[in-house]
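Beneath this line is the structure, given in structure tokens, with notes to follow.
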Amino acid sequence: MEVIYSPGEHEDPRPGREGLPPRAWVDRTDAQQLSLNGDWRFRLSPTAAVPGGDEFAKVDFDDGAKQWSDLPVPSHWVLHGHGNPAYVNIPYPFPVDPPFVPTENPTGDYRYAFDLPKDWSLGDGKTVLRFDGVDSWCKVWVNGTLLGTSSGSRVPVEFDASAALLAGSNVLAVRVHQWSAGSYLEDQDQWWMPGIFRDVTLLHRPEGSVVDHFVHVEYDHKTGGATLKVDAKPSGRVVIPELGIDAPTGELLHLAHVEPWTAETPRLYTGHLVTAGERVPLHVGFRTVAVEDGVIKVNGKRILFRGVNRHEFHPDTGRAVTRETMLQDVLLMKRHNMNAVRTSHYPPHPHFLDLCDEYGLWVIDENDYETHGFEQLDWAGNPSSTPLWKDALLDRVGRMVERDKNHPSIIIWSLGNEAGPGENIGHMASWIRQRDSSRLIHYEGDKTCKYVDMYSRMYVTHAEVDALGRREEDPLDDPELDKKRRAMPFILCEYIHAMGNGPGGQAEYQRLFEKYPRCQGGFVWEWIDHCFIKPTTDGRKYWAYGGDFGEEIHDGNFIVDGLLFPDRTPSPGLIEYKKVIEPVAITRADSRRVSIHNNRDFASLDDLAFTYRLERDGRGVAGGPLAVPSVAAGHTVTVPLPDVALSHSGERIWTITAVLAADTKWAKAGHEIAWGQFPAAETSPPVVATSSSAPVFDSATGVVTLGPAQFSTTTGQLTRLGRLPVTSLQLDIWRATTDNDRGQEYFEGICWADVWREANLDKVKHRVKRVGIQGNAFVVETRAAAGSWNRGLVTTYTWTAEGGGVRLTVKVVPDGDWGDMILPRLGVRVGLPASLSRASWYGYGPGEAYPDTRSGVKLGQYGLSIDDLQTPYVFPQENGSRIDVRWADFAGSEGGLRVEGVPHFAFTARRWTTEQLQAARHTTDLVPGDNVWLNIDHAVNGIGTASCGEGVLPEYKLRVSETEFSVLLRPT
Ligand code: GAL
1 MEVIYSPGEH EDPRPGREGL PPRAWVDRTD AQQLSLNGDW RFRLSPTAAV PGGDEFAKVD
61 FDDGAKQWSD LPVPSHWVLH GHGNPAYVNI PYPFPVDPPF VPTENPTGDY RYAFDLPKDW
121 SLGDGKTVLR FDGVDSWCKV WVNGTLLGTS SGSRVPVEFD ASAALLAGSN VLAVRVHQWS
181 AGSYLEDQDQ WWMPGIFRDV TLLHRPEGSV VDHFVHVEYD HKTGGATLKV DAKPSGRVVI
241 PELGIDAPTG ELLHLAHVEP WTAETPRLYT GHLVTAGERV PLHVGFRTVA VEDGVIKVNG
301 KRILFRGVNR HEFHPDTGRA VTRETMLQDV LLMKRHNMNA VRTSHYPPHP HFLDLCDEYG
361 LWVIDENDYE THGFEQLDWA GNPSSTPLWK DALLDRVGRM VERDKNHPSI IIWSLGNEAG
421 PGENIGHMAS WIRQRDSSRL IHYEGDKTCK YVDMYSRMYV THAEVDALGR REEDPLDDPE
481 LDKKRRAMPF ILCEYIHAMG NGPGGQAEYQ RLFEKYPRCQ GGFVWEWIDH CFIKPTTDGR
541 KYWAYGGDFG EEIHDGNFIV DGLLFPDRTP SPGLIEYKKV IEPVAITRAD SRRVSIHNNR
601 DFASLDDLAF TYRLERDGRG VAGGPLAVPS VAAGHTVTVP LPDVALSHSG ERIWTITAVL
661 AADTKWAKAG HEIAWGQFPA AETSPPVVAT SSSAPVFDSA TGVVTLGPAQ FSTTTGQLTR
721 LGRLPVTSLQ LDIWRATTDN DRGQEYFEGI CWADVWREAN LDKVKHRVKR VGIQGNAFVV
781 ETRAAAGSWN RGLVTTYTWT AEGGGVRLTV KVVPDGDWGD MILPRLGVRV GLPASLSRAS
841 WYGYGPGEAY PDTRSGVKLG QYGLSIDDLQ TPYVFPQENG SRIDVRWADF AGSEGGLRVE
901 GVPHFAFTAR RWTTEQLQAA RHTTDLVPGD NVWLNIDHAV NGIGTASCGE GVLPEYKLRV
961 SETEFSVLLR PT
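What follows is the structure in structure tokens.
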């Protein structure tokens, strides 16, 4: 056959061609640079074989034709009207036929005309063209001259453009294929989004400029001294005035005393590397990373990761994130007590790492490598174990390490994520070890820990973490490897899956990390919900997820699993995490003293100011500063509580708060870091009012009146309370299932949402058995039972008049075989008029809380509109419960309702029913109806993190049992 077309270049599994050797990334030096970001010309073709071939790269090619349009660089073309993003978690969205990719291969041709600044000295040294990120494969020309190709979406490539550039105007042309051999190495759980999505820069490399440099540091915690060696090519001088250094490169410098770099104290010494042709800024942080005594130590101390997995994401621009967004992420992490970030699952934009150095975050820098889609093929043909891919893997890991090697914040290199086992993993690890032995190596997929420095797992249950903490995990078959692994530190590179409502069980993990030195914390999955805005047909906006862009293969809302909502507002999961990982534990020592424990790894608490507040029934009665002496890391002090005269009644609660004493780089003075709350005195039980009147039955209307309440005798239901018409007050055991309810518990292998559906718990019918008057009480006996099953809950509602309102006592007696069933909730629900618009309550708040997600809420008095009680989870589900509420007032223009607990209850109040919430797929599906639906819960089931991980812990499961609870309802 005479071959006229054969694709191939982009299907070559080897690294790209003609890229310059990778080197340390520096934001700016004194050498000239020119950003080529801007509006480029762009044309999209459906296949890699574009008619006209490479013609478009020629200088005089006409890019004004109608197939061409403007496209910003950096960006993803799918977010600019050229095709769509597509979300798949594990499987490849194309046939697994490595290294080949489909003929249908969206291909973007880019052209950019630019002028070289007049003072650009082309004759001196070289000019280099740098791409910080191109997804997934590119071929680059300048003025029609081919410079080279590159594979590896999230690692940079530089080409020598010197010979091709002209003084004055130039044309840069780039061809980008969405699919390439490299796509097999980039099967991360995220949106597939092609394009030149990071900066493009032209860099002048004058004669004698720095080809590469490597800053080597060591800190000796015993002496407080350090060493510094800056290797550079060509050689030059290292100048750090603050340290009195002006020394040749390549020389080992001994420093008698430095302040070390830690995530808590990110001390950077700034200076310059000066060579004949360039002055390169240096930001040196001194620290030593090691595994000693089976734990990871920095500067001689065990550290505890309070981490998060960060994908790069912005709802407008995808992975093309601005520096402002990167800073926003770092500030949000610091403000929420985090100290570590895993750059899942690729090296981030390099500026993000500069911010981690500057603001203080431990970093696990991860290689751009995942082949998870091979798992369903039993890893057959997996690149990790196939020699064909060795060079490509060494190329990309090398480009990460070379680019990022000078960041003090990076203490661990990660070889990739979910790429199975194989010798190429070993090759990458060995290459790193010979190049940079100063950091540790991580790869969760190395189950036997043959190649890595720490045992890392994801989504392990609490019970297993406990065993791991004791180094009593199940043994490996190979005794040598087992011994090695058992001696290693343990981290959870992913845990507590922040999908939808939750994650629950956070505090219990933290207690294990505090208990066992080996368990050095974890990284929440994940930072932010990855969603894009889409309009409904009537123009309302919603957050779109997998499947909303017509994808053939997709994983729905599994991409909506962040601590931040897509617009970066914190979710309740983040509020909870901030509290769970707080660096100061403030607890009651005894009735007169508070204990303050410093949970930091290095720093004292001298940067914090403490305050106290005494409240009675949620109202402040005293407050002010609390003097706390200096507390070193890991130490505890006990401080007397202020001598405030306590009143004799009401609920009296101390709240002790630690805030920043002065402004920092990342938050203002007064920013809350930690708090503790505990009773100041025993609360005496409330005085129970006695029944004041008896029910009156009007046989003409069939209505029973009891105090301010009216009931129907046919349904037994409350129909009116004072001025308020009321509907459908009855037992409720259902909640709109959460993502975690729908998940598969790792431990028991149960999906509770499936169990509940099978049990028809969402289809409960209420049979009225008897309605009557018994003394002063109006009594309704019913049997609530789910369709198709013979088990039920015999429910008796007893109403008595009390203090201007009515007391409802609900007795629930299980009937029939409920087995080990757990219930979503147990309480009553009632339809109230839509005119109710506000809730105020005394209980926990201000945000939602469930039995296993309640660390972040405080006892106090709060008020919110009914609308603001909702947590707007992208995928609608149960939300907004306020827990351990003593009383709540629901107010509106046409009368209100007060609910008082005997002693406590939880509530949700919404403008739609649970059924509507359950049926909704996007927030715009939720439309206010004619009622406010109030659920008054005696108990609710926990949340857990089974969307990926462990289910609800036994102590938070709501089991079916005989129960009685009461509330007082009063019209207002
Ligand atoms: C992990 C994976 C992450 C993400 C998570 C579930 O297995 O490493 O990328 O897919 O599960 O959201």
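In the UniProt record's numbering, the protein residues as written are 1 to 972. Glycine included, C-beta positions come from ideal geometry on N, C-alpha and C.
Could you check whether the Cβ of residue i sits closer than 6 angstroms to any heavy atom belonging to the ligand GAL?
| i | result |
| --- | --- |
| glutamate 312 | no |
| asparagine 417 | yes |
| aspartate 561 | yes |
| residue 976 | The structure shown has nothing for residue 976, since the chain only spans 1 to 972. |
| residue 1004 | Residue 1004 lies beyond the stretch modelled for the chain, which goes from 1 to 972, so this question has no answer here. |
| cysteine 531 | no |
| cysteine 948 | yes |
| aspartate 189 | yes |
Based on Cα-Cα distance, which residue from the options lies nearest to residue i?
| i | options | result |
| --- | --- | --- |
| phenylalanine 965 | Val631, Thr809, Ser855 | Thr809 |
| residue 1006 | Lys390, Arg267, Val280 | No answer is possible for residue 1006: the residues shown for the chain start at 1 and end at 972. |
| leucine 268 | His283, Gly64, Lys126 | His283 |
| proline 99 | Ser150, Val50, Gly880, Arg14 | Arg14 |
| alanine 276 | Leu253, Val238, Ala263 | Val238 |
| glycine 892 | Arg838, Glu758, Ala226, Arg783 | Arg838 |
| leucine 393 | Gly422, Lys405, Gly38, Asp754 | Gly422 |
| threonine 727 | Phe711, His648, Pro479 | Phe711 |
| phenylalanine 61 | His76, Arg43, Asp220 | Arg43 |
| glutamate 11 | Gly381, Ser180, Gly469, Val779 | Ser180 |
| tryptophan 654 | His671, Ser630, Val621 | Val621 |
| glutamate 366 | Val330, Lys405, Phe374, Thr945 | Lys405 |
| serine 35 | Asp70, Ala113, Val764 | Ala113 |
| residue 973 | Gln717, Gly650, Thr715, Ala669 | Past the edges of the chain, shown from 1 to 972, lies residue 973, and the structure says nothing about it. |
| glycine 398 | Gly831, Val768, Arg23, Ile90 | Arg23 |
| threonine 963 | Gly944, Ala939, Pro971, Glu950 | Ala939 |
| asparagine 105 | Ile196, Pro387, Gln178, Glu264 | Gln178 |
| glycine 845 | Arg829, Gly863, Ala834, Val828 | Gly863 |
| glutamate 418 | Arg435, Asn382, Ser438, Thr386 | Asn382 |
| leucine 353 | Ile412, Met499, Thr317, Gly300 | Ile412 |
| threonine 714 | Tyr369, Val780, Val594 | Val780 |
| alanine 906 | Arg959, Arg829, His922, Tyr873 | Arg829 |
When we look at the beta-carbon of residue i and count the other beta-carbons within 10 Å, is it buried (16 or more) or exposed?
| i | result |
| --- | --- |
| asparagine 790 | exposed |
| glutamate 2 | exposed |
| arginine 770 | exposed |
| arginine 592 | exposed |
| leucine 646 | exposed |
| proline 900 | Rather than proline, the amino acid found at residue 900 in this sequence is glutamate. That one is buried. |
| glutamine 190 | buried |
| glycine 792 | buried |
| arginine 911 | buried |
| lysine 334 | buried |
| lysine 579 | buried |
| glycine 148 | buried |
| aspartate 477 | exposed |
Could you tell me which residues DSSP puts in a beta bridge with residue i?
| i | result |
| --- | --- |
| tryptophan 799 | Phe778, Leu808 |
| valine 101 | Valine 101 pairs with nothing; no bridge assigned. |
| glycine 623 | Arg613 |
| proline 640 | Arg593 |
| glutamate 366 | Ser414 |
| methionine 821 | According to DSSP, which records beta bridges pairwise, methionine 821 is partnered with nothing at all. |
| lysine 769 | None, per the DSSP bridge assignment. |
| tyrosine 495 | Val524 |
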